[in-house]
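Worksheet: the structure to be examined is printed underneath.
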């Protein structure tokens, strides 16, 4: 019993030390990274992740490596992309921590500097219509969410369901947007049916979309945002963010998909989402899931 407790304590101490080092590295990165040019930030972090990632984050690196191999990548490519995934994850967290230290006016300047790729002008065409906007879990998705809500143009009514704590920086950003005059309703995950009610009142629901709904259960299941859009008979607009070395990255409008296409299996929607992920798999948040 004593030996078992000793091992448990040692494991707990290692976990605490690892978390403390990670938090310290993020604070240091938030201060030092802005002093480096963007290419240097990426190359330096990816080099460190390639050398140290398999040692310091062995489980996360291993899960990402296995997922990449299941997606068809050769072992050498999977190893490189796994290191880039770890580097991108750390860079994203350090960048977000730095942005949260800025006054809201400076953060808003970053949000409005985000590049948009929307060759079909689908975002503007959807203004004023009820719809569900789905963000893929790629790039700086929290930054992308704030940029969507703050997008200049026609007045809009948005609803976002949040899982964040009351004292979280993500929720503080949403509340700051609301104080700026945006018509934004913020719900809680435990408030079942609130997204449906807000959609019926004319709001645009913004949600995160898991593009691989079969990963956890082994059977295909309909993600909640797509089910909501199908039942409400409204279209889905799919967006994906990608880190490109700039401060805000690029947000791409991947397509608008009708409720009828969702009822038929959402084949075109999944094809667009999977193609976006395949172009930069290391930018996918769930690669290590």
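Residue numbers (our numbering): 12 to 300. All C-beta atoms, glycine included, are put in the ideal place defined by N, C-alpha and C. Everything numeric in this text was worked out from a predicted model, so none of it was measured.
Residue from 182, 269, 188 and 108 whose Cα sits closest to the Cα of residue 115 = Mapped onto the chain shown, residue 115 falls at position 104. When each option's Cα is compared against that of residue 115, the closest is 188.
Please classify residue 271: does DSSP put it in a helix, a strand, or coil?
-> Residue mapping note: residue 271 aligns to position 260 of the chain shown, counting from 1. Helix.
Proximity of residue 265 and residue 143 at Cβ, strictly below 8 Å | Indexing the chain shown from 1 puts residue 265 at position 254. Indexing the chain shown from 1 puts residue 143 at position 132. Cβ atoms of residue 265 and residue 143: not closer than 8 Å.
How about residue 294 and residue 78: do their beta carbons lie closer than 8 Å?
-> Mapped onto the chain shown, residue 294 falls at position 283. Mapped onto the chain shown, residue 78 falls at position 67. With respect to residue 78, residue 294 sits apart: the two C-beta atoms are not nearer than 8 Å.
What's the gap between the Cα of residue 262 and the Cα of residue 67?
-> On the chain shown, position 251 is the one that residue 262 refers to. On the chain shown, position 56 is the one that residue 67 refers to. Spanning the alpha carbons of residue 262 and residue 67 requires a straight line of approximately 32 Å.
In chain order, what residues of the same chain lie with their CB nearer than 7 Å to the CB of residue 12, ignoring the 5 residues before and after it?
-> Within the chain shown, residue 12 is the residue found at index 1, counting from 1. The predicted position of residue 12 is uncertain, since its pLDDT is 48 and thus under 50; no value can be drawn from it.
List the whole-angstrom C-beta distance separating residue 222 from residue 281, where the pair is believed to meet the contact cut-off of C-beta under 8 Å.
-> For this step, residue 222 is matched to residue 211 along the chain shown. For this step, residue 281 is matched to residue 270 along the chain shown. Sure, about 6 Å apart at Cβ, within 8 Å.
So residue 126 is in the beta strand (DSSP E); what residue range does that whole segment cover?
-> Here residue 126 corresponds to residue number 115 of the chain shown, with the count starting at 1. From DSSP, the beta strand (DSSP E) with residue 126 extends over 126-128.
Hey, would you say the C-beta of residue 144 is under 7 Å away from at least one heavy atom of the ligand MN?
-> Although the ligand MN was asked about, the structure shown includes no ligands whatsoever.
Mind checking residue 70: buried by the 16 CB within 10 Å criterion, or exposed?
-> For the purposes of this step, residue 70 is taken as the residue at position 59 of the chain shown. Taking all protein chains in view, the Cβ of residue 70 is surrounded by fewer than 16 other Cβ atoms within 10 Å, so the residue is classified as exposed.
Residue 70: first and last residue of the uninterrupted beta strand (DSSP E) it sits in | Start at 1 with the first residue of the chain shown, and residue 70 comes out as number 59. That residue, residue 70, is in no beta strand (DSSP E); its alpha helix (DSSP H) goes 69-81.
Run through the stretch 121-184 for me and flag every whole beta strand (DSSP E) of 3 or more residues, listed as ranges in chain order.
-> List check, beta strand (DSSP E) in window: 126-128, 143-146 and 168-173.
Host alpha helix (DSSP H) of residue 205 (start-end) | Reading the chain shown from its first residue, position 194 is the one you call residue 205. Segment 205-211, the alpha helix (DSSP H) holding residue 205.
Excluding sequence positions up to five away, which residues of its chain have a Cβ less than 6 Å from the Cβ of residue 298?
-> In the chain shown, counting from the first residue as 1, residue 298 sits at position 287. Correct list, in chain order: 75, 78 and 96.
Can you tell me where the alpha helix (DSSP H) with residue 276 in it begins and where it stops?
-> Position 265 of the chain shown, counted from the start, is the residue given in the question as residue 276. Premise fails: residue 276 is in no alpha helix (DSSP H) and is neither H nor E.
If you run the structure through DSSP and keep just helix, strand and coil, what is residue 218?
-> By one-based count along the chain shown, residue 218 stands at place 207. If DSSP states are grouped into helix, strand and coil, residue 218 belongs with the strands.
Distance, Cα to Cα, residue 159 vs residue 215?
-> Working through the chain shown from its first residue, we reach residue 159 at position 148. Working through the chain shown from its first residue, we reach residue 215 at position 204. If I take the Cα positions, the gap works out to 11 Å.
How many Å lie between residue 145 and residue 246 at the Cα?
-> Residue mapping note: residue 145 aligns to position 134 of the chain shown, counting from 1. Residue mapping note: residue 246 aligns to position 235 of the chain shown, counting from 1. Cα to Cα, residue 145 sits roughly 11 Å from residue 246.
CA-CA distance, residue 89 and residue 237?
-> The sequence position of residue 89 within the chain shown is 78, counting from 1. The sequence position of residue 237 within the chain shown is 226, counting from 1. So the two alpha carbons sit approximately 31 Å from each other.
According to the Cβ coordinates, are residue 7 and residue 121 closer than 8 Å?
-> Residue 7 lies beyond the stretch modelled for the chain, which goes from 12 to 300, so this question has no answer here.
Buried or exposed: which applies to residue 257, given that a residue is buried once 16 or more other Cβ atoms fall within 10 Å of its Cβ?
-> On the chain shown, position 246 is the one that residue 257 refers to. Looking at its Cβ environment, which holds fewer than 16 other Cβ atoms inside 10 Å, residue 257 is exposed.
Beta carbon of residue 213 nearer than 8 Å to that of residue 205 = In the chain shown, the residue the question calls residue 213 occupies position 202. In the chain shown, the residue the question calls residue 205 occupies position 194. Contact: no.
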